[in-house]
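Before any comments, here is the structure.
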Amino acid sequence: MRIAKAATITLIMLALAFYFSVLFLWNGYDVDIFVNWVVAAKELGITSLYKAPEVFGERFRVVYPPLAPIIFVSNYMLAEYFAAKLVGVEHADVMYLVAWALAFVKLSLVGLSIYIGYIVYRRRGLAYAAAWLAGLPVLTVVFMYQFDLYAAVLLYMAFILCEVGRYRLATILYTLSVLIKPLTALVAPILVLYIARKCGQRTLFELILLAILTSSIIIAPFVLGSSGLKVLSKWAIEFHLERQPQGPTIATLYYQIVSKNLLVPTLCLIALLSLIYYSFYKQVKHSSITIEKVYRYSLLAFLVYMVLGKVINPQYYVLPYILAIEIALPHLLILMNLASFFVDTYYLYSFIAGLETGSVYIPDEQRWYSVKMLVHLSLAPHARKSVESLLSSPLVQTLADLFAHYYSEFGYLFSIMHILVLIVASYIVARRACA
1 MRIAKAATIT LIMLALAFYF SVLFLWNGYD VDIFVNWVVA AKELGITSLY
51 KAPEVFGERF RVVYPPLAPI IFVSNYMLAE YFAAKLVGVE HADVMYLVAW
101 ALAFVKLSLV GLSIYIGYIV YRRRGLAYAA AWLAGLPVLT VVFMYQFDLY
151 AAVLLYMAFI LCEVGRYRLA TILYTLSVLI KPLTALVAPI LVLYIARKCG
201 QRTLFELILL AILTSSIIIA PFVLGSSGLK VLSKWAIEFH LERQPQGPTI
251 ATLYYQIVSK NLLVPTLCLI ALLSLIYYSF YKQVKHSSIT IEKVYRYSLL
301 AFLVYMVLGK VINPQYYVLP YILAIEIALP HLLILMNLAS FFVDTYYLYS
351 FIAGLETGSV YIPDEQRWYS VKMLVHLSLA PHARKSVESL LSSPLVQTLA
401 DLFAHYYSEF GYLFSIMHIL VLIVASYIVA RRACA
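First residue of the sequence shown? That's 1 in this note's numbering, and the numbers climb one at a time after it.
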């Protein structure tokens with residue numbers, strides 16, 4: 001027991017060391033856009049962000065609901081103030097100040113991860129807290145800096161509040177999670193059915209009104225500031241509908257091999273999600289339902305999306321992972337980390353192959369980007385030399401040659417492995433959910 005506890009604590013310490021070691025590294029492609037939001041907010045006002053692409057160009061686009069830019073812009077402006085105090089504006093390069101500001105912004109993700117780790121420790125024990133803190137989905141989202149962790153925390157807290165019967169606060173937090181990451185809307189039918197059974201139709205109606213009110217308070221200023229709903233919906237909704245498939249999913253394979261028309265995988269996704277919701281409805285109708293069922297069916301909905309969804313990025317995994325932690329099945333957590341590994345590898349191999357060709361394809365813009373520029377955007381000035389040295393090492397160059405030569409084959413391999421792992425994980429969760 002002492003050895004196991006020591007190993008668990010060591011794992012936690014290694015995870016914390018990783019968090020702080022990557023403060024000056026991030027996903028440069030996305031973070032560059034996020035920093036542009038700050039520029040646009042200073043020039044136009046934060047509520048006018050959605051019309052920034054018309055003024056400054058597409059690299060100023062906001063493809064998230066309003067709460068995501070609110071979080072980043074407010075965090076960055078505060079971090080920028082402290083960075084200027086720490087570094088000294090008169091003695092610092094602008095990029096150096098930006099790097100320090102981004103490092104301070106990333107501290108919010110580190111703090112949230114540690115906070116959730118503490119909650120998991122109180123609820124499930126030290127081993128599961130370590131599984132959270134050192135989980136590959138969490139390490140990935142902290143490394144990249146993405147908003148998914150904010151959404152995951154709000155979703156998790158909403159579930160915990162439902163567990164203790166605090167449905168109003170749970171509704172507010174869940175609504176906020178959707179306003180950061182619409183993917184969390186996948187579990188809305190499950191929560192609606194659960195609350196309707198526990199509280200009745202009248203309370204459910206009141207909570208729906210509360211969700212609408214919460215959404216309106218946040219969205220309305222952006223609609224007014226962006227000269228109407230059309231501009232906001234163009235980037236927050238239409239952009240996602242028109243995105244090219246990306247990620248190691250069935251939809252992407254179908255797009256690459258069978259047809260550019262994604263009607264078949266889309267119908268399959270809708271059918272499977274409908275089956276999940278109907279199965280949960282039957283359980284709610286014919287038996288006493290527990291919050292454990294909510295966790296299991298919600299996780300199953302996320303897993304089905306990860307198999308069939310049009311766009312799957314590495315940071316998405318933090319949403320189902322927090323639910324898997326709560327379900328507390330060791331073999332399920334292993335599968336979740338393995339699936340996350342294949343998603344990370346799918347994108348990483350593409351980047352490494354780009355070292356050989358000099359560019360990497362960005363589906364969101366449907367054009368090729370210089371790898372050197374992406375590396376430059378992803379690193380603080382003081383970290384560039386060492387990372388560039390690593391990327392030019394013989395081992396990395398050999399991998400680049402290999403991945404570039406067998407580019408499609410590796411893409412298919414990582415996609416198939418990812419899908420197979422998710423199918424096994426979905427089977428385990430489905431059995432538990434229907435038990």
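Beta carbons: idealized from backbone N, C-alpha and C, even for Gly.
- Message: Less than 7 Å separating the Cβ of Leu204 from some heavy atom of the ligand HEM?
- Response: For the structure depicted, the ligand HEM is absent and the ligand set is empty, with no information on it obtainable.
- Message: For Leu374, tell me which candidate among Lys293, Pro69, Gly354 has the shortest Cα-Cα distance.
- Response: Locating residue 374 in the sequence shown gives position 374, counting from the first residue. Here the closest residue by C-alpha is Gly354.
- Where Ile208 falls, given that 16 or more other Cβ within 10 Å makes a residue buried: Position 208 of the sequence shown, counting from 1, holds the residue named residue 208. Exposed, by the Cβ-count rule.
- For the segment 19 to 87, which segments carrying the alpha helix (DSSP H) assignment without a break, of at least 4 residues, lie completely within its bounds, in sequence order? 28 to 44, 52 to 56, 67 to 87
- Less than 8 Å between the CB atoms is what I'm expecting for Val187 and Ala301, so what's the real figure, rounded? Taking the sequence shown and counting its residues from 1, one reaches residue 187 at position 187. Taking the sequence shown and counting its residues from 1, one reaches residue 301 at position 301. Confirmed, about 6 Å.
- Message: What residue range does the alpha helix (DSSP H) around Val387 cover?
- Response: Taking the sequence shown and counting its residues from 1, one reaches residue 387 at position 387. Its alpha helix (DSSP H) spans residues 381 to 391.
- Message: Using only the alpha-carbon positions, how far apart do Lys5 and Ala185 sit?
- Response: Start at 1 with the first residue of the sequence shown, and residue 5 comes out as number 5. Start at 1 with the first residue of the sequence shown, and residue 185 comes out as number 185. Taking the straight line joining both Cα atoms gives about 38 Å.
- Message: Out of Ala101, Ser74, Asn75, which one is the CA nearest neighbour of Lys85?
- Response: Position 85 of the sequence shown, counting from 1, holds the residue named residue 85. Comparing Cα-Cα distances from Lys85 to each of Ala101, Ser74, Asn75, the minimum goes to Ala101.
- Query: What is the rounded straight-line gap between the Cα of Leu23 and the Cα of Pro394?
  - Reply: The residue given as residue 23 occupies position 23 in the sequence shown. The residue given as residue 394 occupies position 394 in the sequence shown. Looking at the two C-alpha atoms, the distance is approximately 27 Å.
- Message: Check for me: the beta strand (DSSP E) holding Trp132 runs from which residue to which?
- Response: The sequence position of residue 132 within the sequence shown is 132, counting from 1. Taken as a continuous stretch (DSSP letters only), Trp132 belongs to no beta strand (DSSP E), being part of the alpha helix (DSSP H) at 126 to 133.
- Query: At which residues does the beta strand (DSSP E) containing Ile362 begin and terminate?
  - Reply: The count along the sequence shown starts at 1 and reaches residue 362 at position 362. First-last of the beta strand (DSSP E) with Ile362: 359 to 362.
- Message: Among His331, Leu109, Tyr156, Ile237, whose alpha-carbon lies nearest the alpha-carbon of Ala170?
- Response: What you label residue 170 is simply residue 170 of the sequence shown in a count that begins at 1. Checking every option, the nearest Cα to that of Ala170 belongs to Tyr156.
- Query: Which residues share a DSSP beta bridge with Pro164?
  - Reply: Position 164 of the sequence shown, counted from the start, is the residue given in the question as residue 164. Looking at the sequence provided, one finds Val at residue 164 rather than Pro. Per DSSP, none; premise fails for Val164.
- So, is Leu232 buried or exposed, given that buried needs 16 or more other C-beta atoms within 10 angstroms? Your numbering for residue 232 matches position 232 in the sequence shown. Buried is the call here.
- Report yes or no: do three or more beta-carbon pairs, one from the segment 302 to 310 and one from the segment 236 to 255, lie closer than 8 Å? yes
- Rounded Cβ spacing between Ser48 and Gly228 (contact assumed at less than 8 Å): Position 48 of the sequence shown holds residue 48. Position 228 of the sequence shown holds residue 228. Wrong, their Cβ atoms sit about 12 Å apart, outside the cutoff.
- Query: Taking the Cβ atom as the reference point for each residue, do Ser378 and Trp368 lie within a distance shorter than 8 Å?
  - Reply: Along the sequence shown, read from residue 1 onward, the residue named residue 378 stands at position 378. Along the sequence shown, read from residue 1 onward, the residue named residue 368 stands at position 368. In this structure, Trp368 does not lie closer than 8 Å to Ser378 by Cβ.
- Residue burial classification, Ser21 (beta-carbon count within 10 angstroms, cutoff 16): Residue 21 sits at position 21 when you count from the first residue of the sequence shown. Ser21 should be labelled exposed.
- Task: Could you tell me whether the segment 283 to 303 touches the segment 149 to 165, using the rule of 3 or more Cβ pairs below 8 Å?
- Result: yes
- Task: Flag this pair as yes or no: are the beta carbons of His418 and Val311 separated by less than 8 Å?
- Result: As a working mapping, residue 418 is identified with position 418 in the sequence shown. As a working mapping, residue 311 is identified with position 311 in the sequence shown. No.
- Query: Would you report the Cα separation of Lys106 and Tyr145, rounded to the nearest angstrom?
  - Reply: As a working note, residue 106 is residue 106 in the sequence shown. As a working note, residue 145 is residue 145 in the sequence shown. Going from the Cα of Lys106 to the Cα of Tyr145 covers about 7 Å.
- Message: Out of Val35, Ala383, Gln397, Val63, which one is the CA nearest neighbour of Leu179?
- Response: In the sequence shown, the residue the question calls residue 179 occupies position 179. Ranking Val35, Ala383, Gln397, Val63 by Cα distance to Leu179 puts Val63 first.
- Task: Grab the span of the beta strand (DSSP E) containing Tyr369 for me, first residue to last.
- Result: Position 369 of the sequence shown, counted from the first residue, corresponds to residue 369. 367 to 370 is the extent of the beta strand (DSSP E) around Tyr369.
- Message: Only counting the same chain, and skipping five residues up and downstream in sequence, which positions put a Cβ closer than 8 Å to that of Leu262?
- Response: On the sequence shown, residue 262 is found 262 positions in, with the first residue counted as 1. Here the set comprises Pro245, Ala251, Tyr254, Tyr255, Lys310.
- Could you pull out every residue in the same chain whose Cβ sits closer than 8 Å to the Cβ of Ser113, ignoring the five residues on either side in sequence? By 1-based counting over the sequence shown, the position of residue 113 is 113. The answer, listed in chain order, is Tyr19, Trp132, Leu133, Val138, Val142, Leu149.
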